[in-house]
Each structure stands twice: as C-alpha cells, then as structure tokens.
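Chemist: Counting in our numbering, the sequence shown runs from 30 upward without gaps.
All residues carry an ideal CB built from backbone N, CA and C; glycine is no exception.
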Amino acid sequence: MSAIDYQELIPNNVNLSEDKTLKRALEHWQPNYVQWWKDVGPKDSNESEVYLRTAVSVDPQGWATFGHVKMPDYRWGIFMNDQIADRKVGFGEQLGRDVWQEVPGEHRANLRRIIVTQGDTEPASVEQQRHLGLTAPSMYDLRNLYQVNVEEGRHLWAMVFLLHKYFGRDGREEGDALLDRRSGDANNPRILGAFNEQTPDWLSFFMFTYFTDRDGKFQLAALAESAFDPLSRTTKFMLTEEAHHMFVGESGISRVVQRTCQVMNELKTDDPAKLRAAGVIDLPTVQRYLNFHYSVTIDLFGADESSNAAIFYNSGLKGRYEETKRTDDHRLTNQTYKVLEVKNGTLQEKEVPMLNALNEVLRDDYITDSVAGVERWNRVITKAGIDAKLTVPHKAFNRKIGALAGLKLSPQGQVVSDVEFAANQDKWLPSASDRAYVASLMGRVVEPGKFANWIAPPALGINRQPVDFEYVRFH
Ligand SMILES: [Fe+2]
Ligand SMILES: [Fe+2]
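(1) Is His423 near ligand 2, with its Cβ less than 7 Å from a heavy atom?
(2) With DSSP run on the structure shown, which of helix, strand or coil describes Tyr195?
(3) Around the C-beta of Lys372, are 16 or more other C-beta atoms found within 10 angstroms, so that it is buried, or is it exposed?
(4) Taking 8 Å as the threshold (C-beta atoms), are Tyr169 and Pro459 in contact?
(5) Rounding to the nearest angstrom, what Cα-Cα distance links Lys99 and Gln157 in this structure?
(6) Quick one: give me the first and last residue of the alpha helix (DSSP H) that Lys52 is part of.
(7) How far does the beta strand (DSSP E) with Thr375 in it reach, from first residue to last?
(8) Quick one: what's got a C-beta closer than 8 Å to Asn216's C-beta in the same chain, skipping five residues either side?
(9) Just the C-alpha distance for Ile33 and Arg349, rounded to the nearest angstrom, thanks.
(10) Report buried or exposed for Phe426, applying the criterion of at least 16 other Cβ atoms within 10 angstroms of its Cβ.
(11) Alpha carbon to alpha carbon, what distance is there between Asp311 and Ile282?
(12) Between Lys456 and Glu449, what straight-line distance do the alpha-carbon atoms span, to the nearest angstrom?
(13) So if DSSP puts Thr83 in a beta bridge, which residue, or which two residues, is it bridged to?
(14) Taking only the alpha-carbon atoms, compute the straight-line gap between Leu260 and Leu470 and give it to the nearest angstrom.
(15) Please work out which residues of its chain come closer than 7 Å, Cβ to Cβ, to Thr326, disregarding the five sequence neighbours upstream and downstream, and give them in chain order.
(16) If we define contact as Cβ-Cβ less than 8 Å, is Ala461 a contact residue for chain C?
(17) Residues in its own chain within less than 8 Å of Val400 by CB, not counting five upstream and five downstream?
(18) Locate the beta strand (DSSP E) running through Glu370, then write down its first and last residues.
(19) Compare the C-alpha of Leu418 against each of Tyr500, Leu387, Pro313 and name the closest.
(20) Out of curiosity, what's the CA-to-CA distance linking Asn75 and Leu207?
(21) Helix or strand or just coil, what does DSSP make of Leu436?
(22) Beta-carbon within less than 6 Å of Glu180's beta-carbon, same chain only, minus the 5 sequence neighbours each way: which residues are those?
(23) Taking the C-alpha atoms as reference points, what is the distance between Met30 and Ala338?
(24) Rounded to the nearest angstrom, what separates Asn343 and Gly374 at their Cα positions?
(25) Give me the DSSP bridge partner(s) of Asn41.
(26) Following the continuous alpha helix (DSSP H) through Arg408, name the residue where it begins and the one where it ends.
(27) Residue ranges of each beta strand (DSSP E) run of no fewer than 3 residues wholly in the region 214 to 261, ordered along the chain?
(28) So, is Ile491 buried or exposed, given that buried needs 16 or more other C-beta atoms within 10 angstroms?
(29) So Val285 packs on Phe235, CB below 8 Å; how close in whole Å?
(30) So the candidates are Asn173, Leu191, Phe341; which of them puts its Cα closest to the Cα of Gly278?
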C-alpha cells in the first residue's frame, strides 16, 4: 500500500513532491479552498475542535485515525487506491485493452465534464448543510455532520487533483470555478438540481445523507469501472469514505422512527396532532420527507433514454454498477431494457436499446439498494409493535427530469389529474406546515450525552467512544 505523506503541505499518496508544476498549482488552489471553507463551510465552527477521522492509508483495514482537530486545519489531501497491475478495460468498445493512464484526446471533453459534474456536488452539499450545526440534536450528531462535511471537502480535492493533473489550463480553470459556484445561487448555481435545494433541518439532512449520498455511491461505483485508471483509483477510495455518510442517514432516520414509535406506544396513539403536541415527528411526515428526497435524488441519474450514457459506456468512460461482477458481454449492443412512458393516460413499459437506457439501469440498481434500508426502518416500527410501514414512492412520482418529468402521479404510480394532484399534494410531499413543524423542533442540544426529544440516542458511539463522549470541544 502506498503510504500517505503527511510531511507535505498537501497530504498525498500520489508522489506530489515529484511533480513540481502540479504541486505548485495545487498549493496555489489550497488557500482558496480554505477560504471557501471559512466563507460557506459549517457556520460558526472554525474554533471548535472536532473528533474527526482522517485518512492515513488506503488500506481498507485501519485506513483512518481519530482525533480532535479544528476543521480549517483538517488535513485534506489527495488519496487514491493502488494501481492494479495489467488492469484492462472492462466494458464497451475497448473491452480487454489496457486501461488509460492519460486522457485520450477524443474523450477529453466528456471526461472533464464527468469529473466536473461529480466534483461540483461535493462542495455543494457542504454549502447546503452549513447552517445545520446551529440546530444539532446532539453533540454526537454534530460531530457526524462535520465528519460528512470535511469528507465532502476532501472529495472536492480528489476531483480537483484529476483536473489539475490531467487537464492542464482548462482543468485549473474548472478547479477555480468549483469554488465559485454556490448552492442555490440564482446567478451561479451548482450544476445539478438536487444540489441547489436547501437542507433546512435535520430530518432533511438524514434523508439527504441516506438517499442523495447513496446516489454518490452509485455514481462513484460507475466511475470506479472507468477505463481512465486515475479516475477509477480515485473514486474507489472516495467510496470508502462514502459508507459513513449513508450510515449517518440510515441510522439518523432509524433513531427518529424509534423515538416516534416509543411515544406512539406511551400515548397509545397514531394521531399526528397528538404526536406533534408531544414533540416527535409523526410517521406520515417522515413518509412525505422520504417521498421528496427519494424523487429528487432519482432525478440525478438523468434522462431514462440518453445517447450520452451510450457514448460514455461505449467509449469506456463510465461503467455500470459492479460492472466487473456481471457475467454478460459488457458491450450490450444487442440488448434492450424497459423504460416507462405514458400512453393513453397510463404508465407503460417500452423496450429500448440498453445502451441508451444505462441511466435507467443505474437508477434501478440504486432503487434496489435504497429500498433495503427502508425495510430496515420498517423493522424498527414492527419491533415496537406498531402497524405502519414506510415505502418508497413509485419511480415516476414527482420527477423533473426525463420522459416522466412533470407527470402528475400518486406515490403509488396512478396517473392523476392536475386537480387531484393539487388536492393531495400536502399528503404526498412535505407541506409548508410540515416544514414549519419540523423547523420548530430544531433547537441546539450539544451537552455531551443529551439528545433532542424527537430523536433516540444511538446504540453506539463513534470509534468505540461512549455516546456521551465530548465529540466537539467548543471554544
Ligand atoms: Fe462526496
Ligand atoms: Fe457523501
């Protein structure tokens, strides 16, 4: 395993000291990055010492150490997995040929676009979450928020490294632009829709880290198959970090549900009004947040039919999820896939060439993975002896991208009229009053071991520390 050099100004395992030009360019970008962090990173957090993990190796066993650090001093760096000797292209027209260590001229524009689009999501989520520290439900949760934030910052480093090293001057310009765009800014927004939405409260944050960070997992997994080997090695290491982000979301919602069920049992009621009076989040509200975050996130996979997706696959830029584990021909030229369309007022399946449907293939793999966690939330409900269930909505529900965009559908997938949709919208998606209620619960609880009333404590602390450990030292 290539060890990480922490003597350098920029920690790395990519022999940065041997490439003076690149090193200088990145050292020039670094203060701008730290300035960006101070400007739009976690609010009022620069003096706090946070119990964070920092990567020290890319060995899956023991790759991180834990310790209290001030976030602006976090050792953001450049890490990639070790090169696999004789790695071959695993799919598309170049199947079986050597992978690329440099960017082929004919794929330069597409690769740059892929890397910039991925890179843009990383700082965007930090910006979206910047106010959440002010309303953390516990010190434990505050630390997890900050951990996610510093690692999203590191993911930006990962993409900027690729841009600087392999794309020359345009790469450096893209690196600067990644620090200039702002989530939700009318004039210079982030690239993808979901990353311009607000993350106004912790229920949204947990849904975001469960659903939207999982989109990250699938995009990164598809890029980890890339014929462009540095992109593959970089994204593989990012996936190691990503697992914790989804854990924060899954366990966060699980603890919300657990607490709600506890109060439902105490009060012997499922009446949302009574549960709200008791200060917990009723399950129908959890369901509406779920419907929103799920539908916004599955839009991130793009149009269900896309000639770009076919080009990216054919040319070896982006594979499928777990491409190398699949047993088909990895070319897909004669295969078809089912996508949805509306015909005569109902949703119907149609067969299209699979190469054009690869966004849909990745979306469907994502859906399978998402549903599994929702079932784990349902086990919390069942265990409490309560007869209720959370479900993901139909995949055509509330879509804004692709052939299904703008369709009026119930969460169950029934096509409905505009009037019917309007009449039910507040049952299907978070209403203004849901959001106001959830916002009303958001008060800062940061005494070690104390938790806000609307969420259960976790079963375990971080890195085998007790739950009431001082995860954040305020100054
Ligand atoms: Fe990320
Ligand atoms: Fe993430």
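Modeler: Inspection of the coordinates gives the following:
(1) no
(2) helix
(3) exposed
(4) no
(5) 21 Å
(6) 49 to 69
(7) 375 to 382
(8) none
(9) 30 Å
(10) buried
(11) 12 Å
(12) 11 Å
(13) Thr94
(14) 42 Å
(15) Ala223, Phe240, Thr241, Asp244
(16) Note that chain C does not occur in the displayed structure, where there is just one protein chain.
(17) Val421
(18) 365 to 372
(19) A small fix is needed here, since residue 418 is Lys in this sequence, not Leu. Per the Cα distances, Pro313.
(20) 22 Å
(21) coil
(22) Glu270
(23) Low per-residue confidence applies at Met30: pLDDT is 48, beneath 50, and the placement is therefore not dependable, though the value from the model is reported in the following sentence. One C-alpha to the other measures close to 34 Å.
(24) 35 Å
(25) Asp34, Ile107
(26) 387 to 412
(27) none
(28) buried
(29) 7 Å
(30) Asn173
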